[in-house]
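Presented below is the structure to which this report refers.
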Amino acid sequence: MTNPLRSEGDAFRFLLGTVVYFALIAIAGVINAWAGLVVFIVLSVAVVWWWWRSREPPAPVQASAVRGGPEGERRILVVANETVGGEPLLQQVKQLASQGTTRVLVVSPALNTRLRALASDEDPARAQAQDRLDRSLAELERNGVQASGEVGDGDPLQAIEDALRTFGADEIVISTHPEGRSNWLERGVVSSARERYAVPIHHVVVDLGDRS
Amino acid sequence: MTAHAHAEGSHEHHGPPVANASSRVDARVLGMFMFIASEIMLFGSFFTAYFFVRVVNNPPQWPPEGFHLPVYVAGLNTAILVTSSFTMHWALTSIKRGNRAGLQAGLVLTFLMGFTFLATQVTEYARIGFQPGDNAFTTIFFCLTGLHGAHVFVGLSILLFMTIRAFRGHFSPEEHHGVEIGGIYWHFVDVMWIVVYTTVYIL
Chain A
0 MTNPLRSEGD
10 AFRFLLGTVV
20 YFALIAIAGV
30 INAWAGLVVF
40 IVLSVAVVWW
50 WWRSREPPAP
60 VQASAVRGGP
70 EGERRILVVA
80 NETVGGEPLL
90 QQVKQLASQG
100 TTRVLVVSPA
110 LNTRLRALAS
120 DEDPARAQAQ
130 DRLDRSLAEL
140 ERNGVQASGE
150 VGDGDPLQAI
160 EDALRTFGAD
170 EIVISTHPEG
180 RSNWLERGVV
190 SSARERYAVP
200 IHHVVVDLGD
210 RS
Chain B
0 MTAHAHAEGS
10 HEHHGPPVAN
20 ASSRVDARVL
30 GMFMFIASEI
40 MLFGSFFTAY
50 FFVRVVNNPP
60 QWPPEGFHLP
70 VYVAGLNTAI
80 LVTSSFTMHW
90 ALTSIKRGNR
100 AGLQAGLVLT
110 FLMGFTFLAT
120 QVTEYARIGF
130 QPGDNAFTTI
140 FFCLTGLHGA
150 HVFVGLSILL
160 FMTIRAFRGH
170 FSPEEHHGVE
180 IGGIYWHFVD
190 VMWIVVYTTV
200 YIL
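In the order they appear, the protein sequences are chains A and B. Position one of the first sequence corresponds to residue 0 (numbering that gives the first Met the number 0), numbered consecutively onward. Position one of the second sequence corresponds to residue 0 (numbering that gives the first Met the number 0), numbered consecutively onward.
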């Protein structure tokens, strides 16, 4: 979940906004009570509109924040959930992992309903994501890929950003269902990730209905 | 290629679950924001009582006839408190740049302005001409402004310790959470006063 206030600087700017907001309402209210009401409504709508606009993705995040390990090591971040055990994804990861020394981190976002997220009822979603992750890691292990994994935030973009801050990936692989069945594609997760993160992003489509 | 797979948090981790990093806010800062959220609810209950009294009484004028609030003195007090937020912000930006003198000056000025605000409020209480037990209006007036005054007192206590620590050289550009968290609380106190002043004194 994204917290709109993150620092003293944010709190200070919030204070300035509050001063302006109440000052305008008070001035209009002193002149005329109805004018005060109109200003209150207009400003409140403006604040909600501004808040809604500010939810758009911020500027690209650099991926090389935290790096450790051997020099020349490539790091691949895999983000997938329901498609996490799909064959095309496994093949893509296997291919990328075969190019020199690589480290693979699989992130499985704990997808949740908005209502449950608001109620902080995350445990079932995290347990399901953990289960999928365990199976995926086991499958990767069978294919000879060295990988670690973690359950991420319910918002895939947030999960990527969290992982980038601690893992520092060189490439990102996002796995989704085919177009028309993918909630992530409908929400523009892949395109938003390409705009937001300054690392190559591979999109793998996994059709779980096509087992042949 | 060696095969090694594990899922963090399920096989190797012991003890309480690892904190989810999604908020990307330092846990101490996040704790202060959550505390402030609970404080907003507390103030909300007092505002509810205030508007209940105001609506139920439905007087032809507000404040009720015979009661006069020191709007201009409180306005001056508001200006002092808002200015103290600027000096607080200056203090933090100073230490972030390694300017220790700026930090110390900012904290001292903030403390002095906060103290002036509180002293002025206490003086006004003594001169306002009515008592908390006179009627519902006076009760809620003293409760609401007194609740805020108590928060200013807490803020001043935090500021005092921050100032002492600043003069003892406890903060640096890398480590200044003590100033950051105290600053957030002080801005909250200011925001609440703007809401209280506008609601109680002006509207």
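The beta carbon of each residue, even a glycine, is placed where N, CA and C say it ideally should be. This structure is a prediction, so every number in the text was calculated from the model and none was measured.
- Mapping DSSP to helix, strand and coil, what is V18 (chain A)? Position 19 of the first sequence, counting from 1, holds the residue named residue 18 (chain A). Three-state DSSP puts V18 (chain A) in a helix.
- Who are the neighbours of G182 (chain B) on chain A, taking C-beta pairs under 8 Å? For the purposes of this step, residue 182 (chain B) is taken as residue 183 along the second sequence, with counting starting at 1. Near G182 (chain B) (Cβ distances below 8 Å), the residues of chain A are E7, A10, F11.
- Message: I'd like to know if F21 (chain A) contacts chain B, where contact means its C-beta is closer than 8 Å to some C-beta of that chain.
- Response: The residue labelled residue 21 (chain A) in the question sits at position 22 within the first sequence. Closer than 8 Å: yes.
- Please go through the region 104-186 of chain B and give each complete alpha helix (DSSP H) segment of 4 or more residues, from N-terminal end onward. 135-166
- Message: If I follow the unbroken beta strand (DSSP E) through I171 (chain A), where does it start and stop?
- Response: Locating residue 171 (chain A) in the first sequence gives position 172, where the first residue counts as 1. I171 (chain A) -> beta strand (DSSP E) spans 170-175.
- Give me whichever residues DSSP pairs with H201 (chain A) in a beta bridge. Position 202 of the first sequence, counted from the first residue, corresponds to residue 201 (chain A). DSSP, once it has assigned bridges, lists A:V172 as partnering H201 (chain A).
- Out of B:A48, B:L117, B:G74, B:L155, which has the shortest C-alpha to C-alpha gap to V18 (chain A)? On the first sequence, residue 18 (chain A) is found 19 positions in, with the first residue counted as 1. Among B:A48, B:L117, B:G74, B:L155, the Cα nearest to that of V18 (chain A) is on B:G74.
- Message: Less than 8 Å between the beta carbons of S250 (chain B) and L14 (chain A), yes or no?
- Response: Examination of residue 250 (chain B) is not possible in this model, given that chain B is present from 0 through 202 alone.
- Can you say whether A79 (chain A) is buried or exposed, counting buried as having 16 or more other CB atoms within 10 angstroms of its CB? Residue 79 (chain A) sits at position 80 when you count from the first residue of the first sequence. A79 (chain A) is buried by the Cβ-count criterion.
- Message: Using a Cβ-Cβ distance cut-off of 8 Å, determine whether V18 (chain A) contacts chain B.
- Response: Translated into positions along the first sequence, residue 18 (chain A) becomes position 19. Taking Cβ atoms only, chain B reaches closer than 8 Å to V18 (chain A), which makes this a yes.
- Query: Is the shortest distance between the beta-carbon of I163 (chain B) and the beta-carbons of chain A less than 8 Å?
  - Reply: The sequence position of residue 163 (chain B) within the second sequence is 164, counting from 1. So, not an interface residue.
- Query: Can a CB atom of chain B be found closer than 8 Å to the CB of A116 (chain A)?
  - Reply: Looking up residue 116 (chain A) in the first sequence gives position 117. False, the Cβ-Cβ gap to chain B never drops below 8 Å.
- Could you tell me whether any Cβ in chain A is nearer than 8 Å to the Cβ of F187 (chain B)? For this step, residue 187 (chain B) is matched to residue 188 along the second sequence. Yes, because at least one Cβ of chain A sits closer than 8 Å to the Cβ of F187 (chain B).
- Message: Tell me whether E86 (chain A), by its Cβ, gets closer than 7 Å to a heavy atom of the ligand MN.
- Response: Looking at this structure, you won't find the ligand MN or any other ligand, since it has none at all.
- Message: Is the separation between the beta-carbon of L143 (chain B) and that of A25 (chain A) shorter than 8 Å?
- Response: To locate residue 143 (chain B), count along the second sequence from 1; it is residue 144. To locate residue 25 (chain A), count along the first sequence from 1; it is residue 26. No, these two residues do not count as a Cβ contact at 8 Å.
- Determine the chain A residues that contact H88 (chain B) at a beta-carbon separation under 8 Å, and present them in chain order. As a first step, residue 88 (chain B) is located in the second sequence; it is residue number 89 there, counting from the start. Chain A residues near H88 (chain B): E7, G8, F11.
- Message: By the DSSP assignment, the beta strand (DSSP E) with Q72 (chain B) in it spans what residues?
- Response: The residue labelled residue 72 (chain B) in the question sits at position 73 within the second sequence. Here residue 72 (chain B) turns out to be Val, not Gln, going by the sequence shown. It is not in any beta strand (DSSP E) - V72 (chain B) instead sits in the alpha helix (DSSP H) that spans 70-95.
- So with Cβ pairs under 8 Å, would you call S37 (chain B) a contact of chain A? On the second sequence, position 38 is the one that residue 37 (chain B) refers to. It does not; no Cβ of chain A falls within 8 Å.
- My understanding is that S174 (chain A) touches G85 (chain A), with C-beta atoms under 8 Å, so please give their C-beta distance in whole angstroms. Here residue 174 (chain A) refers to the residue found at position 175 of the first sequence. Here residue 85 (chain A) refers to the residue found at position 86 of the first sequence. The pair is a contact, with the Cβ atoms about 6 Å apart (cut-off 8 Å).
- Message: In the DSSP output, what is E185 (chain A) paired with across the bridge?
- Response: Here residue 185 (chain A) corresponds to residue number 186 of the first sequence, with the count starting at 1. Paired residue(s): none; E185 (chain A) is not in a bridge.
- Where Q216 (chain A) falls, given that 16 or more other Cβ within 10 Å makes a residue buried: The structure shown does not extend to residue 216 (chain A), since chain A spans only 0 to 211, so no value can be given for it.
- Task: Can you give me the Cβ contacts of V178 (chain B) inside the same chain, cut-off strictly under 8 Å, excluding the 5 residues immediately before and after it?
- Result: Within the second sequence, residue 178 (chain B) is the residue found at index 179, counting from 1. Same-chain partners within the cutoff: A90, L91, I94, L102, L106, M161, A165, F170.
- Query: According to DSSP, what are the bridge partners of E149 (chain A)?
  - Reply: For the purposes of this step, residue 149 (chain A) is taken as the residue at position 150 of the first sequence. BP columns for E149 (chain A) point to A:V106.
- Task: Return the bridge partner residues of R74 (chain A) from the DSSP annotation.
- Result: Mapped onto the first sequence, residue 74 (chain A) falls at position 75. A:R102.
- When B:D189, B:H176, B:V199 are compared against T86 (chain B), the one with the closest alpha-carbon: Counting from one through the second sequence, the residue named residue 86 (chain B) turns up at place 87. Answer by Cα proximity: B:D189.
- Item | Residue nearest to T101 (chain A) in terms of C-alpha spacing, selected from A:E72, A:A10, A:A109, A:P87 | As a first step, residue 101 (chain A) must be located in the first sequence, where it is residue number 102. Of the candidates A:E72, A:A10, A:A109, A:P87, the one whose C-alpha sits nearest the C-alpha of T101 (chain A) is A:E72.
- Query: Do we get a CB-CB distance below 8 Å when we pair V195 (chain B) with the residues of chain A?
  - Reply: Position 196 of the second sequence, counted from the first residue, corresponds to residue 195 (chain B). It does not: the Cβ of V195 (chain B) has no partner Cβ on chain A nearer than 8 Å.
- State the start and end residues of the unbroken alpha helix (DSSP H) segment that holds R216 (chain A). Examination of residue 216 (chain A) is not possible in this model, given that chain A is present from 0 through 211 alone.
- Query: With burial defined as no fewer than 16 other Cβ atoms inside 10 Å of the residue's Cβ, what is the status of A197 (chain A): buried or exposed?
  - Reply: Locating residue 197 (chain A) in the first sequence gives position 198, counting from the first residue. By the neighbour-count rule (16 or more Cβ atoms within 10 Å), A197 (chain A) is not buried but exposed.
- Query: CB I139 (chain B) to CB V52 (chain B), shorter than 8 Å?
  - Reply: Residue numbering aside, residue 139 (chain B) sits at position 140 when the second sequence is read from its first letter. Residue numbering aside, residue 52 (chain B) sits at position 53 when the second sequence is read from its first letter. Yes, they are a contact pair.
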